[in-house]
Structures are given as structure tokens and as C-alpha cells.
Amino acid sequence: MAAITMRGITKRYADGTEAVKSVDLDIADGEFVILVGPSGCGKSTLLRMIVGLEDISDGEMRIGDDIVNDRAPKDRDLAMVFQNYALYPHLSVRENMAFPLRLQKVPEAEIMKRVEEAAAVLELTENLDRKPANLSGGQRQRVAMGRAIVRDPKAFLFDEPLSNLDANLRVQMRTEIARIQKKYGTTTVYVTHDQTEAMTLADRVAVLRKGVVQQVDSPRNLYNSPANLFVAGFIGSPSMNLVPGLLTGTSLQLPFGTLELPSDVAQRLGNAQAGERQVIVGIRPEHFEDASMVSDDVKGQGMLFQNRIENIEWLGSELYAYLPYTGGDAIGRQLDQLAGDLDMEQSSGDESQLVARLDAASRVREGEDAEIWLDSRKIHLFDPETGEALARPPVA
Amino acid sequence: MTATTTAPASRKRSGGPVKTTDRAKAERNLGLKLAAPAAIIMLLVTAYPICYAVYLSLFRYDLRVPEENAFVGLDNYVLILTSGVWWEAVLATAVITVISVAIELVIGLAFALVMHRAIFGRRTVRTAILIPYGIITVIAAFAFRFAVQPDTGFIGDVNPLGGTIGSFATIIITEVWKTTPFMSLLLLAGLATVPEELQEAAKVDGATAWQRLWKVTLPNMKSAILVALLFRALDAFRIFDTVYVQTAGQFKSQTISGLGYNALISRVNLGLGSAISILLFLMIIAIAFLFVKGFKTNLGTVKGED
Amino acid sequence: MTASTIGAERIGATTAPAKAGTTKGAAKQPGSGAIWKIGTAVIVAYALFPVLWILSLSLKPAADVGDGKLIPTNPSLGNYRDIFTSGEFVRPLINSIGISLITTAIAVVIAAFAAYAIARLDFPGKALLLSGALAIAMFPPVSIIGPLFNIWRATGLYDTWPGLILPYMTFALPLAIWTLAAFFREIPWDLEQAAQVDGATPYQAFRKVILPLALPGVFTSAIIVFIFCWNDFLFAISLTSTEAARTVPAATAFFTASSNFINPTGQIAAAAIVVTVPIIIMVLVFQRRIVAGLTAGAVKG
Numbered sequence: 000m001a002a003i004t005m006r007g008i009t010k011r012y013a014d015g016t017e018a019v020k021s022v023d024l025d026i027a028d029g030e031f032v033i034l035v036g037p038s039g040c041g042k043s044t045l046l047r048m049i050v051g052l053e054d055i056s057d058g059e060m061r062i063g064d065d066i067v068n069d070r071a072p073k074d075r076d077l078a079m080v081f082q083n084y085a086l087y088p089h090l091s092v093r094e095n096m097a098f099p100l101r102l103q104k105v106p107e108a109e110i111m112k113r114v115e116e117a118a119a120v121l122e123l124t125e126n127l128d129r130k131p132a133n134l135s136g137g138q139r140q141r142v143a144m145g146r147a148i149v150r151d152p153k154a155f156l157f158d159e160p161l162s163n164l165d166a167n168l169r170v171q172m173r174t175e176i177a178r179i180q181k182k183y184g185t186t187t188v189y190v191t192h193d194q195t196e197a198m199t200l201a202d203r204v205a206v207l208r209k210g211v212v213q214q215v216d217s218p219r220n221l222y223n224s225p226a227n228l229f230v231a232g233f234i235g236s237p238s239m240n241l242v243p244g245l246l247t248g249t250s251l252q253l254p255f256g257t258l259e260l261p262s263d264v265a266q267r268l269g270n271a272q273a274g275e276r277q278v279i280v281g282i283r284p285e286h287f288e289d290a291s292m293v294s295d296d297v298k299g300q301g302m303l304f305q306n307r308i309e310n311i312e313w314l315g316s317e318l319y320a321y322l323p324y325t326g327g328d329a330i331g332r333q334l335d336q337l338a339g340d341l342d343m344e345q346s347s348g349d350e351s352q353l354v355a356r357l358d359a360a361s362r363v364r365e366g367e368d369a370e371i372w373l374d375s376r377k378i379h380l381f382d383p384e385t386g387e388a389l390a391r392p393p394v395a
Numbered sequence: 000m001t002a003t004t005t006a007p008a009s010r011k012r013s014g015g016p017v018k019t020t021d022r023a024k025a026e027r028n029l030g031l032k033l034a035a036p037a038a039i040i041m042l043l044v045t046a047y048p049i050c051y052a053v054y055l056s057l058f059r060y061d062l063r064v065p066e067e068n069a070f071v072g073l074d075n076y077v078l079i080l081t082s083g084v085w086w087e088a089v090l091a092t093a094v095i096t097v098i099s100v101a102i103e104l105v106i107g108l109a110f111a112l113v114m115h116r117a118i119f120g121r122r123t124v125r126t127a128i129l130i131p132y133g134i135i136t137v138i139a140a141f142a143f144r145f146a147v148q149p150d151t152g153f154i155g156d157v158n159p160l161g162g163t164i165g166s167f168a169t170i171i172i173t174e175v176w177k178t179t180p181f182m183s184l185l186l187l188a189g190l191a192t193v194p195e196e197l198q199e200a201a202k203v204d205g206a207t208a209w210q211r212l213w214k215v216t217l218p219n220m221k222s223a224i225l226v227a228l229l230f231r232a233l234d235a236f237r238i239f240d241t242v243y244v245q246t247a248g249q250f251k252s253q254t255i256s257g258l259g260y261n262a263l264i265s266r267v268n269l270g271l272g273s274a275i276s277i278l279l280f281l282m283i284i285a286i287a288f289l290f291v292k293g294f295k296t297n298l299g300t301v302k303g304e305d
Numbered sequence: 000m001t002a003s004t005i006g007a008e009r010i011g012a013t014t015a016p017a018k019a020g021t022t023k024g025a026a027k028q029p030g031s032g033a034i035w036k037i038g039t040a041v042i043v044a045y046a047l048f049p050v051l052w053i054l055s056l057s058l059k060p061a062a063d064v065g066d067g068k069l070i071p072t073n074p075s076l077g078n079y080r081d082i083f084t085s086g087e088f089v090r091p092l093i094n095s096i097g098i099s100l101i102t103t104a105i106a107v108v109i110a111a112f113a114a115y116a117i118a119r120l121d122f123p124g125k126a127l128l129l130s131g132a133l134a135i136a137m138f139p140p141v142s143i144i145g146p147l148f149n150i151w152r153a154t155g156l157y158d159t160w161p162g163l164i165l166p167y168m169t170f171a172l173p174l175a176i177w178t179l180a181a182f183f184r185e186i187p188w189d190l191e192q193a194a195q196v197d198g199a200t201p202y203q204a205f206r207k208v209i210l211p212l213a214l215p216g217v218f219t220s221a222i223i224v225f226i227f228c229w230n231d232f233l234f235a236i237s238l239t240s241t242e243a244a245r246t247v248p249a250a251t252a253f254f255t256a257s258s259n260f261i262n263p264t265g266q267i268a269a270a271a272i273v274v275t276v277p278i279i280i281m282v283l284v285f286q287r288r289i290v291a292g293l294t295a296g297a298v299k300g
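Residue numbers (numbering that gives the first Met the number 0), protein chains in the order written: chain Z, 0 to 395; chain Y, 0 to 305; chain V, 0 to 300.
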């Protein structure tokens, strides 16, 4: 086991494009770090540079105390679980798991002992003599993990390991991976485009966009205090609502009403609040509520507004209401770009929609107006030009 | 693999190391080195002889009368194209090609459907169909010759190989028997690419089995059919072995390859023979060209569904 | 598409939907079984009938050859004894085996290099090589026998093993390149990297992972190339004149014209069976792979 330290890690191609741009990242010994981002953000390239399948154009990669830039993959002592598992089809499960040990010339008895142990942990004992072709997707996934475990490597690397599984199995294997990582306490770097995986598994998450690390933080901090628009939009499902706002003093004018900034936010904004200024306001769906469900003492801490309910999705434990509003196009360009980065559909025209997560007991009805409450304390503010967060709430 | 999508277009499917300039150069060199032996051998034994054949075809070049060798320009070609024997051979070749390939397409398609659907004896049928493929053409030709000739066969006292129609029929049946398996395997591969869902959708839409074949299956395997037809037509047009064994070119069944062989090897008239073989070569190119043109127009419409 | 299906069956494990394709669909049609069963029977009869007729002839003594019966009344192995005691068959058989094996070995090795380059590397002329190979495969052999005849006589290659091996190579190579390239494309090359991460040197990764996966494809191509060489007739009768290099198909054809055999039908039939049985056994054993190999290149192309 070892820490992984990256300094100025860059991947540059022959034509000059940079897939990974000067990444600094410290992964502590035993830590579970997830690299997350939309496709093309450079996360897999970064992972492959750690393991040595991709050359490092610039920067320094350390595993433990060693600089490994010029080491072949086999000399880095890392184990990797590939997206397609990369099981050797001509070898049995047992031999697949034994493969790295045989290459290390570990004594036969020791190999069998370790394989049996790993198989027991992964519940593969009964399948040890089968070929990978005869296994289910989940079992293949386990074999791939078994091959990593038996080696007791310096770190586990996972490249989108769950993306080939169906939804149920994905959840199941997710807990499995968490369990195994805890059991062995091995440093783990895990790549995914699925933010749910990132949020549920990681000690810390590094969000990448176009080869640049946007924010590295605990899942909780990423969610509560995104550093910029991109992270705000990427983390959370459904995504954060992003609406244009006009800030005048401590009053914030939104397309559907005006709210008074809570004093701590106003304070953190400091002298940035002089005069009038355009901002992008981020509101998580759960920070809306059906006004009739909010107790009076809390109501004062937020803003009330009337809005038509276009559509309702009732999920039993909660309810999503879609609220149309106009005037969202003021920040269209910024959001279009964001949408492009996130592979999302962006509504065109000036009719936009808020997504609000309401109490399941709410009686709002489709096609009718309802009074909605917005928790002013939970809003996020972003600079419309740079996308950087303004007056970020302090991280926990 | 998501991250590597930012790489230049040359990204490999395997997701292998994306290249730096040096690596690309090294890869290119290695590629050329690995491909060179194959390319050189193929060139040496085809391109060179073909050029030599073109050269020979412009000469009077008869090994029996070497003293008369002389440059004659296109005289050989004129001689051939104005001779009845040549056109007879072209006709025979064309008749054999067209009829046998047409029959093969029909039988091959039927076989492919059986192989695609058969649950029972799936392995048996796929193995059986490979037997004609594995048998030497000359042997197949003998088998059919023996089967039809009165002194060794079982069809009676009339010798089909004693007349034009019987000769052609025997040759075509032999060709069909020997090469239908290849055709049907190509078609089977094409069939496998037609999604089963389309069949089910058509069934739900009320199509009969026959309608499903014509309106769903066949249109969706057009390119496989064209590939199979192209391969077989080009192959059939070179027919030699069967005719040599069964009729030796009698009863108007001499093919172009046979004519070429006779001129080149039996009569060692290399000038005339080369001219014949060059003409055959050009005809093969023309057939391939027509097919490829047919492909292009067809692939244009098929592509969207792939 | 078949290529990938077969690839999946062979290579299997690495991708989730391993069992798509060939078996799909068939199982869903239990209702109309009878037609397909009859069809199956028809195909089997179609494939076997001429072989059975030849087999029957080969077992008949000369007197019975004309009896028109499928089951020989006085079966005997006389014809087989004749052909094996007469040099007219044994020597060509050795020639056929030797020439076909040598051609196959060389062609598959050279083609494997080229196919690896085509499947794995980016280099100029790749498309040209593939289409050139296809063009040559379609080429009429009669177009080059004249020049080869002339050159071979001048260089002493006429009527020798190399004199046949060389032209066979030209046609064997395209065949092998296409099938091998199709197979190589299906190999999950990622495994090479996985092996390296697992601690293998590049050579170990090749020997322990890639080679075992590539061998079935190489083997299949070898069978197909071998069958091609085994089958050739035109080169064999054009570029040989004596037993020195004459192969079975050529020799069989000449049984009729010049031979000690009075009525060569039985002997030809016996010879036919002798050269056919090994092929049939090969086909029986490697059925699936041959089907894959024959269609892989075609459908992809």
C-alpha cells in the first residue's frame, strides 16, 4: 500500500491537444479517491498514466516514495480492474486470479492459498474451475477484482468497473467494492462518469473537466459547496437549478420573485455586492417546498412565490414538480456551454423549467398554480463570466 | 475509455496507447515491415507475370516455331476477337456462370435459411455442407462424370456427356454442387446480421413467412447477397477444372480458361495464349467493376440501417 | 458480423453480451420444426450423395463398375491396393501433401505478420494491401500460367515443388491475410495491457495471453489455405510434367489418358476417397472454425 502523488501531470498529444492538464493530486495511503467527469474529461487517461499504460508528457508521478514516470506497468505494482474486466478467456477463474502471482513466481502453495482466500471473500469458490465465458456479468466483475486482490498491490485502480452491468447489479457490486476496499484498506483510484458511484463510494472525489481538476473534496462538500458552475451542475441528481439573478445590495431578483440574501451570505459576498450585478443562482431541487408544508417559523427564512405546476412526478417518498418560468435566457450562453460539457439537453427559447423536490404529501396539482417556498439559506451564487462560486458556504 | 475520446481521430478501438509522434512513426515502420513480405510475394508472382503476359501477348511467340517470333502489335487480339472459337468460349463461360450462380443463389439461400433455423442437427448440417467445399474440384467432376456415364453410372443408357445440353447440364450441376456451400455460408453470415426483432416486428405487423422473407429478411441482407454473388461470379468465370475433366471442351463447352490453357500449355503458343488470358483478366475486372458500382448505390441505401 | 459472433464464442469472456448471434432466433421457432428437419435431411443427402457414389465405385471390382448399384455387390479393397502399389498415385500423394503443407506453413506465417499489421497498426498502404489482396484472390490463374510456364522453364523451376509453391503462395496469401486479419481484429488486445499491469513483460503478455487467443484463428486460416492448395488443378497440370512435382488432382486426371490401369474408374474413385477422407475428417472436427474463417473476411469486407 502506498500514497500516490501527482505533480503537474500532463498528457499532450502529437497534435498539441492536452487531454490532461497539469493535475496536482495527493492520494493518501489507504484512501479511496474517485475521478469523475463527463466523457472526454481525461479521467481514464489520468488513470492510465498512473498505471503506466499511457506515457506522462509532463509532471511527476510518485507511488509511495518512488517516482514511477518511466517505469513499465509491471514494475509499478498496481492492480487494475478494467471496464470490460479483461479476463483471460483461455484461463479458468482460478488461473485468471493466479496469473499475476505466477508471473511473480510465487510458490504454488501460496498461490493456491491466496486464490482460495480471495475466492471465498468474493463468493467465487464454486466457480473457480469455470472459464470466464461461462460466468455472469457480476461474476466476471468479481473475478477481475479477485485478480487485483490476490496480489496485495500498492493500489487498486478501477476503470469504470460497473458500466457494463445492469442497474440492479451495479448497486450490488457498488457495495461489494466498498466492502472489499474497507476490508483490505488498499489505496484505491476509481474512474467513473456516474456521480452516484462517486458520491457513494469515495472518501474524496476529484471532478475533472477537459483535463483540468475542478475540485477535489469529500462528496458532502462537493454537494454542499461546489467550487464552480460545472461541479454544481455535475454533482447531484436531478441537477441543481441554475437561474439568472440580479443582485442589488442584499436583495436578489430571480425570474419568479425577489429574495433577501441571508446575512451570512451577504457577509461572505463582502464588498462584491456594491452596485447592481448579474449572477447565476443555483438552487438544489430539495430546497424548494410546497409552501403549505412549511411551518411558519421556517417560512420567514425563505421566499414565497406563486408558480404554475406544469408536470408532476410522484415517486412515493418524494415528488418532483416542474415549474415553468420565463427570463432564463439571460444566462443562456453559460448554461449552453455547461450543458454541452455535461452531455445534457438544454431547453431552447426563453421558457425554462425549475425542478422542485417536494414533500410526497404535497397536494399541488398539474396545470394549477401553487405557492412554493424557496429556502434562501441554501442558495448558491456563481459569477456568470467565470462560473466560479461566489460567497461559498464554508466547508464542513 | 471515455477519456481517450479527446485524442485525435487515429485512436484505436483497442484503446491501446495513444500515440506520440515517435510512437506513430515506429508503428508505421513496424506496419510496413510486417506487411512487406506478403506484399512483395504477391506482387512478384502476379503483377510481374501479368505485365509479362501483356508483353507476350503483343508478340508472335510460339515455342514450337521459335524462329518465327516477332512483334505483331495487337494482331493476336484481332485474331482472337474475330474467331468463332473465342466467342463460343465466351458464350459457354457466360452461360455456365450465369446459370450456375443463379441456381446457387436460390439453393444457397434455402440452405442458409435451413441452417439458420434448424434446431435439430444444427452441427450435422453445418458439417455436411462443408463436405463439397472440402472435396477437390477434379474429384467432384469425376464423381459426377462417373455418376452420369452409362458405363459407370446409374442414370441409364444415355450419356449426357455425349451432347451439348447434357454436357452443360452436367458441368453446371457439378459446379452448383461444389460451390453452393460457400455461397450458403456467406448468405448465412448475412442472415445472422438481420436482427431477430425485425422478424418479430413483421410477425406482429401481420406478415406471412413468405412476406417476411421477401420484405424483411432479403432487403436487409442485400450487401451479403451482393458479396456472395460477386465472389461466386468471379470464381465461376474462371471455371476450368470441371470442364477439363468432364468434356475436355467438347460440345461447345470450352471455357475461356480452357481456351487459354490449350493455347498456352498444350500448344505452347504463348503469344496467342497470353492475349486470351489478358482478355479474360479484363473481363474479370469489368465484372468486378460492375458489381462494385452496384454495391455503391446499394450500400448508400443500406448504410443507414446498419 | 459473424466474425464478431464467432469471436465472442471463442474469446468470450471479455464483453458482457458474449452469446449473441448464431444461436439466437433458432430456439424461438419450435412450431415449424418439420420443414427444417426435412431441410436438414435434404442438405445432408445433397452433400453426401456424390461422395457415397464415389465410395461405392471405389469398392467395386472392375467387372461391377457398370452395374449401377449404390451398394457394391462384391465389395473389395482391390482398387485401393492397386493405387498404393502403383507409383502413379503414391508419388503425387506425397507431392500434394508436401507442397500443400509447405505452402500453408509459409503463407500463414507471412500472412500473420501482415494481418497483425492490418489489425493492429496504422501504416500507409494498409487499405491498398487489403484491396490488393482481394483483387489477387479474384484473379484468373490462367492469366499468369503462360508467363510462369516460360519463366519457370528458363529458371529451372518447372516441374519442381518450389515451382508450384510460389504460385500457390500468391493465392494462399490473400486468403490467409483476410481470414487472419478478421480473426486478429476480434482478439481483445486490451488483455495485453491487463497482463502488463498484472506484472508481465511484453513478451510474457504475448506468449501467455495473446498467442493462446490467436492460435485458433491461425489454425483455421491454415486449414483453409491447405484446402485451397490441395484443390488446385490448373497450376498443377500447367507447371509440372512428371511425377517430380505432379499433385493428386493432376495425376488423377491423367490416370485416364496415360496409365497402366485398363479401366481406371475404380482406381480414380479409390484415389478420390483417399484424398477426400482426410479433408472430411478435418471438416468434421473443425467445422465451426472453418465456417467462421470462410465468412469472416467476406462479411466484414
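Using N, Cα and C, we set each Cβ at its ideal position, and we do this for glycine too.
C-alpha distance - residue i paired with residue j, whole-angstrom precision
i, j, result
"Met48 (chain Z)", "Ile289 (chain V)", "41 Å"
"Ser55 (chain V)", "Gly265 (chain V)", "9 Å"
"Thr385 (chain Z)", "Ala226 (chain Z)", "11 Å"
"Gln198 (chain Y)", "Thr251 (chain V)", "49 Å"
"Ala119 (chain Z)", "Arg150 (chain Z)", "15 Å"
"Ala110 (chain V)", "Ala38 (chain Y)", "9 Å"
"Ala236 (chain V)", "Leu289 (chain Y)", "The displayed chain sequence assigns Ile, not Ala, to residue 236 (chain V). Spanning the two alpha carbons is a distance of roughly 32 Å."
"Gln336 (chain Z)", "Ser238 (chain Z)", "15 Å"
"Ala140 (chain Y)", "Thr173 (chain Y)", "6 Å"
"Val193 (chain Y)", "Trp213 (chain Y)", "13 Å"
"Phe110 (chain Y)", "Arg116 (chain Y)", "10 Å"
Limits of the unbroken beta strand (DSSP E) element including residue i
i, result
"Gly208 (chain Z)", "A quick correction: the sequence has Arg, not Gly, at residue 208 (chain Z). Start and end: Arg203 to Arg208."
"Trp372 (chain Z)", "Asp368 to Asp374"
"Ile26 (chain Z)", "Glu17 to Ile26"
"His89 (chain Z)", "Taken as a continuous stretch (DSSP letters only), His89 (chain Z) belongs to no beta strand (DSSP E), as it is neither H nor E."
"Asn397 (chain Z)", "Because chain Z spans 0 through 395 in this model, residue 397 (chain Z) falls outside it and cannot be assessed."
"Gln277 (chain Z)", "Glu275 to Ile282"
Inter-residue CB distance, residue i and residue j (contact presumed, cutoff 8 Å)
i, j, result
"Phe304 (chain Z)", "Phe255 (chain Z)", "5 Å"
"Ile308 (chain Z)", "Ala320 (chain Z)", "5 Å"
"Leu190 (chain Y)", "Thr216 (chain Y)", "7 Å"
"Val92 (chain Z)", "Leu123 (chain Z)", "6 Å"
"Asp216 (chain Z)", "Val204 (chain Z)", "7 Å"
"Val274 (chain V)", "Thr103 (chain V)", "Incorrect: roughly 16 Å between the Cβ atoms, too far for contact."
"Met282 (chain Y)", "Ile135 (chain V)", "About 17 Å; that fails the 8 Å criterion."
Where the alpha helix (DSSP H) containing residue i begins and where it ends
i, result
"Asp81 (chain V)", "Gly77 to Thr84"
"Val196 (chain V)", "Asp189 to Val196"
"Asp57 (chain Z)", "Counting along the chain, Asp57 (chain Z) falls outside any alpha helix (DSSP H), though it belongs to the beta strand (DSSP E) covering Asp57 to Ile62."
"Ala101 (chain Y)", "Gly83 to Arg116"
"Met198 (chain Y)", "Note that residue 198 (chain Y) is Gln in the sequence shown here, rather than Met. Start and end: Glu195 to Val203."
"Asp296 (chain Z)", "Asp295 to Lys298"
Evaluate contact between the segment 20–32 of chain Z and the segment 0–8 of chain Z, counting only Cβ atoms and requiring at least three cross-stretch pairs below 8 Å.
-> Yes: at least three Cβ pairs fall under 8 Å.
Evaluate the contact criterion for the segment 126–140 of chain Y versus the segment 33–47 of chain V: three or more CB pairs, one atom per stretch, below 8 Å.
-> yes
Contact the segment 33–46 of chain Y vs the segment 124–135 of chain V: 3+ CB pairs below 8 Å = yes
Within the chosen definition, does the segment 62–73 of chain Z reach the segment 187–197 of chain V through at least 3 CB pairs nearer than 8 Å?
-> Three or more pairs of CB atoms, one per stretch, sit closer than 8 Å, so the segment 62–73 of chain Z contacts the segment 187–197 of chain V.
Below 7 Å between beta carbons is the criterion; list the residues of the segment 192–205 of chain V that meet it against any residue of chain Z, in chain order.
-> For chain Z, the residues of the segment 192–205 of chain V that bring a beta carbon within less than 7 Å of one of its beta carbons are Gln192, Ala193, Gln195, Val196, Asp197, Gly198, Ala199, Thr200 and Gln203, in chain order.
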